[in-house]
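Working notes, structure below.
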Amino acid sequence: MKIIKFDNDEEGKKEWMDYRIGKIGGSGLKDIITEKGEKKAFYQLIADRLAIPKDEEDVRDRGNRLEVEAIEELEKKINKVFIKDRHIWQREDNESIMVSPDGYLEDEKEAVEVKCLNSAEHIEALITEEYPKQYRYQALQYFIVNDKLEKLYFVMYEPRLRVSQFIYFEIYRANLEGDIAKYLQYEKDKLEKVNYYVEKLSF
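Every number in this note's numbering is 17 more than the matching position in the sequence shown, counting from 1.
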């Protein structure tokens with residue numbers, strides 16, 4: 018066994034904290050034990066070794082700042098130009114069903130959703146070759162709102178990584194037809210309920 022000693026002052030504490038990055042400690046073991054697949058802590062270990070340290074920038078501010086940069090990277094890769102102004106799409110038959118596209122083509126047949134997530138989530142998407150499941154319904158909403166939309170580019174951008182900072186996934190309407198119809202009706206039903214209770218409780 019090897020023992021690494023650190024001073025008990027503030028500098029020693031910082032060195033101790035830095036030394037632990039990218040390693041499994043006593044409290045970290047539970048975070049990586051899994052019966053199936055990998056836990057987030059596994060991807061965090063990889064990210065700790067491949068990314069520069071986080072800064073103090075607010076997550077939302079960072080996402081907004083990097084969004085256009087990510088779309089411009091996509092434009093270079095697929096040789097298309099997207100409208101990047103801040104817009105909202107709404108269904109004509111129900112304006113309460115909407116989405117805010119990060120970018121879209123003028124003919125509205127292709128759109129972009131950008132995520133600038135933490136390094137671990139980015140690494141997980143790289144390894145699994147899938148975009149994060151928690152954004153499935155957000156991606157689906159693009160197709161629910163826009164009947165003309167044929168393809169959504171789900172872009173992930175993490176410039177703090179020293180490898181594969183940019184990846185994207187292509188999501189097609191043709192693969193989602195059943196879900197689009199199902200969840201459009203689900204939203205309409207929920208909104209009818211909302212309207213009912215708003216009217217009932219209004220004085």
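Beta carbons: idealized from backbone N, C-alpha and C, even for Gly.
Predicted model, so just to flag it, every value in this text is computed and none were measured.
Collapsing the DSSP output to three states places Y148 in coil. Within its own chain, the residues whose Cβ lies closer than 7 Å to the Cβ of V98, once the five positions on either side in sequence are excluded, are E92, listed in chain order. Between the stretch 141 to 148 and the stretch 106 to 119 there are fewer than three C-beta pairs closer than 8 Å, too few to call the two in contact. Nearest C-alpha to V172 among D102, D164, S181 and K165: S181. Under the three-state reduction of DSSP output, L178 falls in the strand class. Residue I184 holds the alpha-carbon nearest to the alpha-carbon of E90 among I184, K207 and D196. The DSSP-derived three-state label of K168 is strand. In this structure, K168 keeps its C-beta atom at 8 Å or more from the C-beta atom of Y148. The secondary-structure analysis by DSSP pairs Y185 across a beta bridge with V172.
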